[in-house]
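The numbering of the sequence shown is our numbering, which starts it at 757 and goes up by one. By construction, the Cβ of each residue, glycine as well, lies at the ideal position given by its N, Cα and C atoms.
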Amino acid sequence: MELLGLDIGGSGIKGATVETETGELTAERFRIDTPQPADPSAVVDALAEIVSHFNWTGRPLGCTFPGVVRQGVTLTAANMHGDWIGLDAAKLLSERTKSTVALLNDGDAAGMAEMELGAGKGVEGTVIMLTLGTGIGSAVFYQGRLLPNTEFGHMEIRGKEAEHRASAKVRKERGLSWQEWSLRLNEFLARMELLFTPDLFIIGGGVISKADKFLHLLQANAKIVPARFQNQAGIIGAALAVQKSLE
Ligand code: BGC
C-alpha cells in the first residue's frame, strides 16, 4: 500500500510516499528546514506544506516526532519548542491535513522500518536501534515487538546525558575525530549491554551515510550493523505505523 511518511528532525522535516510492502520510496523525498523556533504552529505549517506537495490532503499519513509520544500526545521536547509538551499533536496535524494521522517517536519509527523490512528483519532476540542525529533516538524490540518511548539518549553517563556526549551533532560541534567520537559511543553501547544484553544493535541516523568512517570502530558483544534504510528509516516507519493503525 502506498502511504505518506513524515519525519520531524532537529534540522529538517522530510516526507515521502512509501510502498509499505517493500519500504521503497515511490517519489523523491521532499525536505524543508526545521523552522526555528520549532514551535507547534511553525512545524505543523511545514508538515502541511509537505502534505500538499504530495497532494495527500485527506489521506492517511504517519509522522515521527523527536520526543515521547503517547496516544498522539507529545510528552517531551528535548530538541523542540517547549509548547509541544502535553499537546495533542496528532489531533492538530489531523485537523490541519484532514487526514488520519499516526504519530510516533522517531527512534521507534526508524526501528519499526528496520525490523519489518531492513537490518533487523527476522531477528527474534533483543534488538536495539539507535539513531545518531541532533539527539540519540532509541527503540527496543524483543521477538519483533516494540517497547515504545525508551529514550536511551537521556541516560546519564558520567554525569551527563548520553546524547550530550555522543550524538552526531556533538561530534560536529566539538570537532571530535571519528576515533574520539567512537570511544564515546562505545561507552554508551557498553551501558546498553550491561542493562539489556541485546543480540543486535542497528545504527542509524543521518551520520550512517558515513558508516565507513566509524562503524568499524564500534565495539560490543552484540552484532552491530548499519540501518538498511539509512536516514529514510523514520519516513518508512511512519508510513508503516499508519498502515498498522488502519488494519
Ligand atoms: C528525544 C527522543 C528522540 C531523540 C532523537 C531525544 O532528545 O528525547 O525522543 O527520539 O532525541 O531525535
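Contact under 8 Å by Cβ, residue i with residue j
i, j, result
"L859", "A869", "no"
"A866", "G993", "yes"
"S767", "T887", "no"
"A983", "V774", "no"
"A729", "L945", "Past the edges of the chain, shown from 757 to 1003, lies residue 729, and the structure says nothing about it."
"L817", "I769", "no"
"E907", "V824", "yes"
"M836", "A794", "yes"
"L941", "L971", "no"
"V829", "L843", "yes"
"A834", "W840", "no"
"L956", "K979", "yes"
"E863", "E880", "The identity of residue 863 in the sequence shown is Gly, whereas the question assumes Glu. The answer is no: Cβ separation not under 8 Å."
"L873", "I806", "no"
"M885", "G960", "yes"
"F954", "T882", "The identity of residue 954 in the sequence shown is Pro, whereas the question assumes Phe. Cβ atoms of P954 and T882: closer than 8 Å."
Residue i (DSSP reduced to helix, strand or coil)
i, result
"L885", "A small fix is needed here, since residue 885 is Met in this sequence, not Leu. The answer is strand: DSSP assigns M885 an E or B state."
"N723", "The structure shown does not extend to residue 723, since the chain spans only 757 to 1003, so no value can be given for it."
"E758", "strand"
"V969", "Just to set this straight, residue 969 is Lys in the shown sequence, not Val. Note: K969 maps to helix in three-state DSSP."
"G771", "strand"
"I991", "helix"
"S797", "helix"
"I892", "strand"
"K979", "strand"
"I788", "strand"
"D955", "coil"
"E880", "coil"
"L843", "strand"
"N942", "helix"
"W812", "coil"
"L803", "helix"
"F908", "helix"
"G765", "coil"
Heavy atom of the ligand HEM within 7 Å of residue i beta-carbon
i, result
"A846", "This structure simply doesn't include the ligand HEM; it includes the ligand BGC instead."
Beta-ladder partner(s) of residue i, from DSSP
i, result
"G867", "Beta-bridge pairing links G867 to no other residue."
"L817", "L760, V857"
"G960", "T887"
"L849", "In DSSP, L849 forms no bridge with anything."
"V998", "In DSSP, V998 forms no bridge with anything."
"V825", "T830"
"L873", "According to DSSP, L873 bridges with nothing at all."
"R947", "R947 pairs with nothing; no bridge assigned."
"E780", "E775"
"R901", "Y898"
Every unbroken alpha helix (DSSP H) inside the segment 911 to 935 [4 residues or more]
Taken in chain order, the unbroken stretches of alpha helix (DSSP H) that lie wholly in the segment 911 to 935 and span 4 residues or more are 918 to 922, 924 to 930.
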